[in-house]
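Contents: one structure, followed by commentary.
Numbering (full-length UniProt numbering), first residue to last: 1 to 214.
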């Protein structure tokens, strides 16, 4: 009996596996997932960046140099106006020359007033305080004259400022002016002020113009 040769197998030989056997499996799965992730990230960036640029807060505008110059000019004008107003007030009062009523040292004898030296620290300080406080002076339709008397004691290191008898208005009307002038007087450094005597009494007359509104 003759044996027949075996029919050839219709299946692929073991040495040639089907090309669809590992589709979607094994090593090819990771590259596919990586590409999907990259695509998603790129899509988020494309959407998020324009959205951020549209909704981000706008920075405040920086003032221009012209605006800063204008502000500085306005400030300078205000300061100049105040300075002019202060100068106008100071020009409204006239001061007489300072008169030394007396000066003395401990011991017997007296010094004639004309031989007394001038303590310029207190004279200049009182002049400035009077001119800077014109607004505190009393007003009158014929003008006002106030006599300021200043006593200085270098031993006790103290001063006394009051209104003299030559004042043309009552002392009650000069209380505010006297308070303003005292407050504006400079604080003395007694050990550095040149002087020849221990005690002084000086006087200055301040004449304020008439107030037409009375």
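Backbone N, C-alpha and C define an ideal beta-carbon position, used for all residues, glycine too. Everything numeric in this text was worked out from a predicted model, so none of it was measured.
Quick check on residue i: buried or exposed, where buried means 16 or more other Cβ atoms within 10 Å of its Cβ?
{"i": "residue 131", "result": "buried"}
{"i": "residue 206", "result": "buried"}
{"i": "residue 137", "result": "buried"}
{"i": "residue 202", "result": "buried"}
{"i": "residue 187", "result": "exposed"}
Please check the pair residue i and residue j, which I expect to be a contact at CB under 8 angstroms, by giving their CB distance rounded to whole angstroms.
{"i": "residue 167", "j": "residue 146", "result": "5 angstroms"}
{"i": "residue 150", "j": "residue 163", "result": "Incorrect: roughly 11 angstroms between the Cβ atoms, too far for contact."}
{"i": "residue 181", "j": "residue 154", "result": "So it is not a contact: roughly 21 angstroms between Cβ atoms."}
Please state whether DSSP places residue i in a helix, a strand or coil.
{"i": "residue 98", "result": "coil"}
{"i": "residue 212", "result": "coil"}
{"i": "residue 145", "result": "strand"}
{"i": "residue 79", "result": "Model confidence at residue 79 stands at a pLDDT of 42, short of 50, so the residue's coordinates are unreliable; what they give is reported in the following sentence. Three-state DSSP puts residue 79 in a helix."}
{"i": "residue 124", "result": "helix"}
{"i": "residue 171", "result": "helix"}
{"i": "residue 206", "result": "strand"}
{"i": "residue 134", "result": "helix"}
{"i": "residue 201", "result": "strand"}
{"i": "residue 110", "result": "coil"}
Which one of the options has the shortest CA to CA distance from residue i?
{"i": "residue 172", "options": "117, 113, 139 and 213", "result": "139"}
{"i": "residue 209", "options": "163, 95, 117 and 160", "result": "95"}
Short of 6 angstroms in beta carbon distance, which residues of its chain neighbour residue i, apart from the five on each side in sequence? Order them along the chain.
{"i": "residue 69", "result": "Note that residue 69 scores 45 on pLDDT, short of 50, meaning its location in the model is unreliable; the coordinates nonetheless yield the value given after this. None."}
{"i": "residue 159", "result": "152"}
If you drop the 5 nearest sequence neighbours on each side, which residues of the same chain put their C-beta closer than 7 angstroms to that of residue i?
{"i": "residue 211", "result": "139, 140 and 141"}
{"i": "residue 129", "result": "181, 184 and 185"}
Under 8 angstroms Cβ to Cβ from residue i, same chain only, skipping five residues before and after it: list those, please.
{"i": "residue 113", "result": "99, 100, 101, 102 and 103"}
{"i": "residue 123", "result": "98, 202 and 204"}
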